[in-house]
DNA sequence: CTCAAACTTGAACTTGGCTTTAAGTCAAGA
DNA sequence: TCTTGACTTAAAGCCAAGTTCAAGTTTGAG
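Chains as they are written, first to last, in the numbering used here: chain A, 1 to 153; chain B, 154 to 306.
Right, here's the structure in full:
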């Protein structure tokens, strides 16, 4: 099945100009034309899904291009492609860890402002986590695990 | 305790120019000077930790500035600050979900290239997930949950 | 007093990833 | 035949978040 750039745009959520940009950057090797117009097929749409995934794992366009070039080399590049996927998997796991840490801080802050709101002041947090209520101390420990004493506003 | 820009740079991992940039952008309200030089204290260092957190939750500099302005308004802004933290918490949860989805695709791809490498070809994945080995079908389902048939290279 | 290290400023520059613009082509339908 | 909508190109523009630059100031040691 073949698609126009507009159809692929709707299928992937990427704008036509982004698709042209990706093509120009070499992310869609072997993309053909008919009457000057780009003709996409299901393989291209699948490639775009992988591109999106590599992008969210932190790969830059030029590195995605290198990967797409590898896919044109068939079985000769399996090992390199596998290595790249493993590297991105590891990076993604690290990123998830960092987001969990960010989340812990935000949960503490949500509790903190909830508490401040119901008390009318932030005095409960002077010298935090020392004189914090149990719930707050718990959240604080998760948010700032490597932190002995001191206040946190 | 007071610190120079260089000390704070080492404490936070942010470059001196980034700290000057943050100051210029209003992210450190009330930052003082002595002899023309910026003087940071522990509160500023704590603010920088929160700034980092808001940044990784997806807030832009201008919105972080708005938040820091709120913190200068004391108890009058508790409700707004709480609302903002809750919004960022929700955003962060969504981001973690997306990263898990990305991870699932990468895990499938790791398996895929491992398999391709040991077989010497990708024929096992023609019409995936149909004729995939059990392990592969499992990973495929997690990677592409809303996907009935068709191959995936 | 002199020197080096660390700081100051405003302005220009960089990077990545698109998006916009301008001018033109192509195919289908009235 | 004319119009309309979707497409084409190259080049320029945009944005966020810093970074770099050039020129000057402050501070403490020797």
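The beta carbon of each residue, even a glycine, is placed where N, CA and C say it ideally should be. Please read all numbers here as calculations on a predicted model, not as lab measurements.
Where the beta strand (DSSP E) through residue i begins and ends
i, result
"residue 190/B", "190-194"
For residue i, the three-state DSSP class (helix, strand or coil)
i, result
"residue 136/A", "helix"
"residue 147/A", "coil"
"residue 63/A", "helix"
"residue 276/B", "helix"
"residue 294/B", "helix"
Sequence-distant residues of its chain with Cβ nearer than 7 Å to residue i (five each side left out)
i, result
"residue 70/A", "77, 80 and 81"
"residue 168/B", "162"
"residue 192/B", "155, 185 and 186"
"residue 181/A", "With chain A running from 1 to 153 in the structure shown, residue 181/A is simply not present."
6 Å Cβ shell around residue i - same chain, five flanking residues per side excluded
i, result
"residue 245/B", "210"
"residue 194/B", "155"
"residue 303/B", "Confidence in residue 303/B is poor, its pLDDT being 45 and thus under 50, which makes the residue's placement unreliable; the coordinate value appears in the next sentence. So the list is empty, once near-sequence residues are dropped."
"residue 72/A", "29"
"residue 214/B", "178"
"residue 5/A", "16, 19 and 38"
"residue 290/B", "282"
"residue 147/A", "none"
Chain B contact residues for residue i, given Cβ-Cβ distances below 8 Å
i, result
"residue 93/A", "256"
"residue 96/A", "249, 252, 253 and 256"
8 Å Cβ cutoff, residue i in contact with chain B
i, result
"residue 35/A", "no"
"residue 10/A", "no"
"residue 137/A", "no"
"residue 65/A", "no"
"residue 133/A", "no"
Min CB distance residue i to chain A below 8 Å
i, result
"residue 294/B", "no"
"residue 160/B", "no"
"residue 114/B", "One cannot answer for residue 114/B here, as it falls past the ends of chain B, which runs 154 to 306."
Under 7 Å from the C-beta of residue i: neighbouring residues of chain A
i, result
"residue 273/B", "75"
"residue 231/B", "113, 116 and 117"
Under 7 Å by beta carbon: chain B residues contacting residue i
i, result
"residue 85/A", "259, 262, 263 and 266"
"residue 82/A", "263, 266, 267 and 270"
Segment limits, alpha helix (DSSP H) that includes residue i
i, result
"residue 30/A", "That residue, residue 30/A, is in no alpha helix (DSSP H); it is neither H nor E in DSSP."
"residue 116/A", "78-119"
"residue 171/B", "169-177"
"residue 72/A", "Element bounds for residue 72/A: n/a, residue is neither H nor E."
"residue 159/B", "158-165"
Proximal residues to residue i (C-beta, below 8 Å), its chain only, five neighbours per side dropped
i, result
"residue 202/B", "165"
"residue 66/A", "none"
"residue 260/B", "292, 295 and 296"
"residue 132/A", "124, 125 and 140"
Where residue i meets chain A, residues with beta-carbon distance less than 8 Å
i, result
"residue 209/B", "98, 99 and 102"
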